[in-house]
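S.K.: First to last, the protein sequences are chains A and B.
Residues in the first sequence are numbered consecutively from 1, following UniProt numbering.
Residues in the second sequence are numbered consecutively from 1, following UniProt numbering.
Could you have a look at this structure, given as structure tokens, before my questions?
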Amino acid sequence: MFGDLERTPRTLLVCERSSFLDEKNRLSSQVEQLHFNYKVSMLLPECSSAPSHLEAVFNSINSFYLIRKLPIHELLDKHFLETAVHQGRVSGLSYGTRIDEDNCVALMPNGHLSLSLDKDSFEVLGVEGKPSRFNQRTNSRFVVSVDLTDSSMAPGGRGYQRLVTGLKSRLQLKTDFLLSHPPGCGASLHAFLSRYDWSEHKPEIRSHTLTDLSSPLLTSDLQSCDPRRLLEWLGAVDAHVSCENSSSSFLSSLVCPEPRTRLSQALSVSVCGLLRPQDVQQLIQQIRCYLEQPRLENWVSLTVHGFVDSPVSWGGEEHGVLRGGDNFYSLLMFHDHTYQLHLATGAHDTCPP
Amino acid sequence: MSVFMDLNVSFSAERSRMTKLIEAAAHLGFSTVAINYVFEPMAKKKLEIPMPTPVKELIDQLPVVQGRSRPIRVLNRLTVVMSDSSHFRPNATEYRGFDLLAVQPTTEKLFHAACMLYDVDIICISVTEKLPFFFKRAPVNGAMDRGVVFEVSYSAAIRDSTRRRYTIANAVSLMESCKGKVPLPPLELRGPYDITNLGLLFGLSEGDAKEAVSSTCRSVVLHAESRKSASGIIYTMKTCSESSSQQEALAADLGEAPAAKRAKPHLTQ
Numbered sequence: 001m002f003g004d005l006e007r008t009p010r011t012l013l014v015c016e017r018s019s020f021l022d023e024k025n026r027l028s029s030q031v032e033q034l035h036f037n038y039k040v041s042m043l044l045p046e047c048s049s050a051p052s053h054l055e056a057v058f059n060s061i062n063s064f065y066l067i068r069k070l071p072i073h074e075l076l077d078k079h080f081l082e083t084a085v086h087q088g089r090v091s092g093l094s095y096g097t098r099i100d101e102d103n104c105v106a107l108m109p110n111g112h113l114s115l116s117l118d119k120d121s122f123e124v125l126g127v128e129g130k131p132s133r134f135n136q137r138t139n140s141r142f143v144v145s146v147d148l149t150d151s152s153m154a155p156g157g158r159g160y161q162r163l164v165t166g167l168k169s170r171l172q173l174k175t176d177f178l179l180s181h182p183p184g185c186g187a188s189l190h191a192f193l194s195r196y197d198w199s200e201h202k203p204e205i206r207s208h209t210l211t212d213l214s215s216p217l218l219t220s221d222l223q224s225c226d227p228r229r230l231l232e233w234l235g236a237v238d239a240h241v242s243c244e245n246s247s248s249s250f251l252s253s254l255v256c257p258e259p260r261t262r263l264s265q266a267l268s269v270s271v272c273g274l275l276r277p278q279d280v281q282q283l284i285q286q287i288r289c290y291l292e293q294p295r296l297e298n299w300v301s302l303t304v305h306g307f308v309d310s311p312v313s314w315g316g317e318e319h320g321v322l323r324g325g326d327n328f329y330s331l332l333m334f335h336d337h338t339y340q341l342h343l344a345t346g347a348h349d350t351c352p353p
Numbered sequence: 001m002s003v004f005m006d007l008n009v010s011f012s013a014e015r016s017r018m019t020k021l022i023e024a025a026a027h028l029g030f031s032t033v034a035i036n037y038v039f040e041p042m043a044k045k046k047l048e049i050p051m052p053t054p055v056k057e058l059i060d061q062l063p064v065v066q067g068r069s070r071p072i073r074v075l076n077r078l079t080v081v082m083s084d085s086s087h088f089r090p091n092a093t094e095y096r097g098f099d100l101l102a103v104q105p106t107t108e109k110l111f112h113a114a115c116m117l118y119d120v121d122i123i124c125i126s127v128t129e130k131l132p133f134f135f136k137r138a139p140v141n142g143a144m145d146r147g148v149v150f151e152v153s154y155s156a157a158i159r160d161s162t163r164r165r166y167t168i169a170n171a172v173s174l175m176e177s178c179k180g181k182v183p184l185p186p187l188e189l190r191g192p193y194d195i196t197n198l199g200l201l202f203g204l205s206e207g208d209a210k211e212a213v214s215s216t217c218r219s220v221v222l223h224a225e226s227r228k229s230a231s232g233i234i235y236t237m238k239t240c241s242e243s244s245s246q247q248e249a250l251a252a253d254l255g256e257a258p259a260a261k262r263a264k265p266h267l268t269q
């Protein structure tokens with residue numbers, strides 16, 4: 001019986017080392033595949049304030065919309081499909097819904113709509129779907145996945161009618177919804193949004209200067225630091241958890257991995273909201289520019305967190321929560337254009353790309 | 001998985017305490033709670049089965065569940081502590097006021113009868129003492145086949161190390177007989193993920209422990225529904241002309257005249 005206690009829930013960590021200068025590096029596609037990003041946190045060692053070009057990127061990140069109690073059949077509205085979905089790149093996620101308890105909805109930039117439904121809702125909706133990959137003994141969760149750009153889902157078609165009727169009269173699914181759009185597309189959405197209670201939000205930016213910080217010695221050559229220890233340390237820094245492990249404190253026994261060095265200061269910046277992969281790409285580019293100048297420390301780390309309650313993770317694959325819904329990646333960039341990438345997921349996830 | 005439920009919130013006559021408990025449950029993330037009225041008939045005195053207090057008298061406004069946008073749902077449950085077979089009267093009219101029905105057998109014979117015969121939803125096992133009987137596979141399987149679940153109470157285990165040992169030992173032996181078909185733990189209000197962790201100590205796997213607080217509870221509530229409505233075929237309901245919003249919500253849930261195979265759309269809300 002106690003054998004089970006020794007087994008912690010399955011987690012996956014994929015580690016990759018490559019260089020931006022290598023043509024075959026897959027970083028762009030790996031970043032693009034995580035459509036819904038909740039938070040980007042960066043750690044710049046020996047830096048006291050954000051460089052101006054990085055600040056410019058923060059300010060240029062598009063705002064996103066929060067729509068209260070959006071009836072989900074509205075996402076199938078003909079006008080919305082023509083102006084937003086078929087043009088591409090509008091994406092959204094249900095908000096205030098828990099993936100292991102409620103019905104969750106995700107609209108991906110490629111026009112795929114994913115509904116993660118509990119058993120009763122799925123049976124009432126009456127549309128073809130599959131049992132969730134992460135069901136236990138009984139099928140208690142089902143996924144309905146629809147490609148809105150496909151010809152079978154063209155307005156007026158049978159598949160389209162069945163889904164719209166299901167969402168309008170049978171299930172009447174309504175959730176709060178976060179909607180993100182590419183620059184310049186905002187105005188055309190206003191007509192759609194005006195029918196509901198909506199608000200516009202800018203991503204929240206927080207920065208914190210840390211002084212006298214123990215840091216692992218990070219170099220671009222051989223794996224100088226075990227990835228798990230490194231991620232643990234990065235998480236502790238981001239959460240303001242002390243890694244000193246002093247004998248008088250019982251709160252944290254986390255330590256900085258060896259070999260270590262001491263930083264006189266470091267800047268920890270985080271951006272929270274509904275962020276698009278394109279925003280993440282821009283931040284990566286700016287950090288590469290920052291690293292091109294000679295610095296006291298030649299590395300910067302950037303960690304991107306996906307939404308815990310999103311129905312999809314990398315590449316539209318199903319995501320769930322057993323005890324945690326981690327799906328994040330951490331990019332450690334160096335002065336010489338090399339990088340180490342760590343992609344991590346929890347128990348109810350498929351392997352990251 | 002389905003929504004998290006706590007099916008054993010003890011009833012107390014103090015309104016302020018009940019209000020606090022329900023608010024705490026909503027804050028912790030429970031979407032449904034069941035107020036438990038414990039009835040222990042005694043040989044000498046004739047005791048009346050308590051009538052459940054209407055929910056609007058326990059709390060004015062049902063709080064919204066944390067992280068979701070729906071208010072918490074409150075059910076009523078009766079637990080009959082049995083030391084004699086006459087203590088549980090099948091089809092007693094007083095039971096109709098309750099949504100869930102549970103028995104707590106104290107002897108092996110009663111345990112066997114409860115598992116095989118009695119029309120209840122939950123069988124409570126008090127695990128804080130060394131039980132006078134062992135769990136045999138046959139009655140346990142009989143109960144599970146009928147859709148009856150077992151409940152392990154662990155709130156005492158949180159407080160006392162001796163009782164903790166008994167709780168874990170008894171719960172483990174129950175799990176072994178049940179082969180992991182999950183009992184559901186009631187609580188002195190801990191969060192659902194904390195209870196999942198406790199379930200691990202009792203020998204459940206990760207997924208089973210989480211199901212204990214969600215899907216299994218949902219099955220119990222559905223079982224209770226069908227028990228009250230003769231397997232979902234016939235349903236009668238008193239119409240109330242003036243009702244609070246909670247009673248309306250409950251009535252709306254229960255008022256769907258269920259045909260034999262109709263899906264029950266609102267039960268997990």
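Glycine included, C-beta positions come from ideal geometry on N, C-alpha and C.
This one's a predicted model, so the numbers in the text were calculated from it and none came from an experiment.
(1) Can you tell me where the beta strand (DSSP E) holding residue 42 of chain B begins and where it ends?
(2) Run through DSSP, which three-state label would residue 192 of chain B get?
(3) Please report the distance separating the alpha-carbon of residue 148 of chain A from that of residue 163 of chain A.
(4) Can you have a look at residue 183 of chain B and say buried or exposed, based on whether 16 or more other CB atoms are within 10 angstroms of its CB?
(5) So, are the CB atoms of residue 341 of chain A and residue 27 of chain A less than 8 Å apart?
(6) Judging by CA-CA distance, which residue of B:92, B:195, B:33, B:13 is the nearest neighbour of residue 65 of chain B?
(7) Is there a C-beta anywhere in chain B that falls below 8 Å from the one on residue 138 of chain A?
(8) Where does residue 160 of chain A sit, in a helix, a strand or coil, going by DSSP?
(9) Under 8 Å between the Cβ atoms of residue 273 of chain A and residue 204 of chain A?
(10) Looking only at its own chain, which residues have a Cβ that is under 7 Å from the Cβ of residue 75 of chain A, when we skip the five neighbours before and after it?
(11) What residue from A:97, A:128, A:132, A:57 has the CA that sits closest to residue 158 of chain A's CA?
(12) DSSP three-state call for residue 349 of chain A: helix, strand or coil?
(13) Please report whether the beta-carbon of residue 3 of chain B lies at a distance below 8 Å from any beta-carbon of chain A.
(14) Hey, which unbroken runs of the alpha helix (DSSP H) at 4 residues or more fall wholly within the region 268-312 of chain A?
(15) Could you give the distance in angstroms between the alpha-carbon of residue 354 of chain A and the alpha-carbon of residue 333 of chain A?
(16) Okay, do the region 64-82 of chain A and the region 191-199 of chain A touch, 3+ Cβ pairs below 8 Å being the bar?
(17) Please list the terminal residues of the continuous alpha helix (DSSP H) segment that includes residue 228 of chain A.
(18) Taking all protein chains shown into account, do 16 or more other C-beta atoms lie within 10 angstroms of the C-beta of residue 16 of chain B, making it buried, or fewer, making it exposed?
(19) Which whole-angstrom value is the C-beta distance of residue 115 of chain B and residue 140 of chain B, which I expect to be below 8 Å?
(20) Can you name, in chain order, every residue of its own chain whose Cβ lies under 7 Å from the Cβ of residue 66 of chain A, other than the five neighbours on each side?
(21) Considering residue 120 of chain A, what are the terminal residues of the alpha helix (DSSP H) in which it resides?
(22) So within the region 84-141 of chain B, which uninterrupted alpha helix (DSSP H) runs reach at least 4 residues, ignoring any that extend past its ends?
(23) Can you pull the chain B residues whose beta carbon is under 9 Å from the beta carbon of residue 92 of chain A, in chain order?
(24) I need the straight-line Cα distance from residue 265 of chain A to residue 120 of chain A, nearest angstrom please.
(25) For residue 241 of chain A, count neighbouring Cβ atoms within 10 angstroms of its own Cβ and tell me buried if that reaches 16, exposed if not.
(26) Count the other CB atoms, across all protein chains shown, that sit within 10 Å of the CB of residue 347 of chain A; report buried if there are 16 or more and exposed otherwise.
(27) Return the chain-ordered list of same chain residues with a C-beta closer than 6 Å to the C-beta of residue 140 of chain A, the five sequence neighbours on each side being excluded.
(28) Just to make sure I have the definition right: I need the residues of chain A whose C-beta is within less than 8 Å of the C-beta of residue 196 of chain B. Which are they?
(29) Once the 5 residues before and after residue 143 of chain B are set aside, which same chain residues still bring their CB inside 6 Å of it?
(30) Over the uninterrupted beta strand (DSSP E) stretch that includes residue 5 of chain B, give me the two end residues.
(31) Does the CB of residue 151 of chain B have a neighbour CB from chain A at under 8 Å?
(32) For the candidate residues A:286, A:70, A:262, whose alpha-carbon lies nearest to that of residue 45 of chain A?
(33) Can you check whether the CB of residue 231 of chain A is closer than 8 Å to the CB of residue 216 of chain A?
(34) Is the Cβ of residue 146 of chain B closer than 8 Å to any Cβ of chain A?
(35) Could you compute how far the alpha carbon of residue 174 of chain A sits from the alpha carbon of residue 104 of chain A?
M.R.: Based on what the coordinates show:
(1) Taking the first residue of the second sequence as position 1, residue 42 of chain B is located at position 42. Where residue 42 of chain B is concerned, there is no enclosing beta strand (DSSP E), given that its DSSP letter is neither H nor E.
(2) Here residue 192 of chain B refers to the residue found at position 192 when the second sequence is read from its first residue. Three-state result, residue 192 of chain B: helix.
(3) In the first sequence, the residue the question calls residue 148 of chain A occupies position 148. In the first sequence, the residue the question calls residue 163 of chain A occupies position 163. Answer to the nearest angstrom: the Cα atoms are 11 Å apart.
(4) Locating residue 183 of chain B in the second sequence gives position 183, counting from the first residue. Confidence is the limiting factor: at residue 183 of chain B the pLDDT is only 46, short of 50, which leaves the residue's position unreliable, though a coordinate-based value still follows. Per the 10 Å Cβ criterion, buried.
(5) Residue mapping note: residue 341 of chain A aligns to position 341 of the first sequence, counting from 1. Residue mapping note: residue 27 of chain A aligns to position 27 of the first sequence, counting from 1. Yes, they are a contact pair.
(6) Looking up residue 65 of chain B in the second sequence gives position 65. When only C-alpha atoms are compared, the closest one is B:33.
(7) Taking the first residue of the first sequence as position 1, residue 138 of chain A is located at position 138. Judged by the 8 Å Cβ criterion, residue 138 of chain A is in contact with chain B.
(8) One-based indexing of the first sequence puts residue 160 of chain A at position 160. Of the three classes helix, strand and coil, the one that applies to residue 160 of chain A here is helix, per DSSP.
(9) Counting from one through the first sequence, the residue named residue 273 of chain A turns up at place 273. Counting from one through the first sequence, the residue named residue 204 of chain A turns up at place 204. Closer than 8 Å, so yes.
(10) For the purposes of this step, residue 75 of chain A is taken as residue 75 along the first sequence, with counting starting at 1. Correct list, in chain order: 107, 113.
(11) Position 158 of the first sequence, counting from 1, holds the residue named residue 158 of chain A. Closest in C-alpha terms to residue 158 of chain A, from the list A:97, A:128, A:132, A:57, comes A:128.
(12) The count along the first sequence starts at 1 and reaches residue 349 of chain A at position 349. It is a strand residue.
(13) If you number the second sequence from 1, residue 3 of chain B lands on position 3. Closer than 8 Å: yes.
(14) 277-292
(15) As displayed, chain A neither begins before 1 nor continues past 353, which places residue 354 of chain A out of reach and without an answer.
(16) yes
(17) As a position in the first sequence, residue 228 of chain A is number 228, starting the count at 1. That run of the alpha helix (DSSP H) goes 227-238.
(18) As a first step, residue 16 of chain B is located in the second sequence; it is residue number 16 there, counting from the start. With fewer than 16 other Cβ atoms within 10 Å, it is exposed.
(19) On the second sequence, position 115 is the one that residue 115 of chain B refers to. On the second sequence, position 140 is the one that residue 140 of chain B refers to. Indeed they touch by this definition, with Cβ atoms about 6 Å apart.
(20) For the purposes of this step, residue 66 of chain A is taken as residue 66 along the first sequence, with counting starting at 1. So the list reads 95, 176, 178, 198, 199, 201, once near-sequence residues are dropped.
(21) Against the first sequence, residue 120 of chain A aligns to sequence position 120. Unbroken alpha helix (DSSP H) run through residue 120 of chain A: 119-125.
(22) 108-116
(23) As a working note, residue 92 of chain A is residue 92 in the first sequence. Per Cβ cutoff of 9 Å: no residues; residue 92 of chain A is ~17 Å from chain B at best.
(24) By 1-based counting over the first sequence, the position of residue 265 of chain A is 265. By 1-based counting over the first sequence, the position of residue 120 of chain A is 120. In a straight line, the C-alpha of residue 265 of chain A is about 54 Å away from that of residue 120 of chain A.
(25) Residue 241 of chain A sits at position 241 when you count from the first residue of the first sequence. Its Cβ having fewer than 16 others within 10 Å, residue 241 of chain A is exposed.
(26) Walking along the first sequence from the start, residue 347 of chain A turns up at place 347. Under this definition residue 347 of chain A is a buried residue.
(27) The count along the first sequence starts at 1 and reaches residue 140 of chain A at position 140. Contacts found: 119.
(28) Here residue 196 of chain B refers to the residue found at position 196 of the second sequence. Correct list: 323.
(29) Locating residue 143 of chain B in the second sequence gives position 143, where the first residue counts as 1. Excluding residues within five positions, the ones whose Cβ falls inside 6 Å are 115.
(30) Here the question's residue 5 of chain B lines up with position 5 in the second sequence. Segment 5-10, the beta strand (DSSP E) holding residue 5 of chain B.
(31) Working through the second sequence from its first residue, we reach residue 151 of chain B at position 151. No, because no Cβ of chain A sits closer than 8 Å to the Cβ of residue 151 of chain B.
(32) For the purposes of this step, residue 45 of chain A is taken as residue 45 along the first sequence, with counting starting at 1. Of A:286, A:70, A:262, the residue nearest in Cα terms is A:262.
(33) Here residue 216 of chain A refers to the residue found at position 216 of the first sequence. Here residue 231 of chain A refers to the residue found at position 231 of the first sequence. Not closer than 8 Å, so no.
(34) Taking the second sequence and counting its residues from 1, the one referred to as residue 146 of chain B is at position 146. With 8 Å as the cut-off, residue 146 of chain B does not count as an interface residue toward chain A.
(35) Counting from 1 along the first sequence, the entry for residue 174 of chain A is found at position 174. Counting from 1 along the first sequence, the entry for residue 104 of chain A is found at position 104. Near 10 Å, if we compare the C-alpha coordinates of residue 104 of chain A and residue 174 of chain A.
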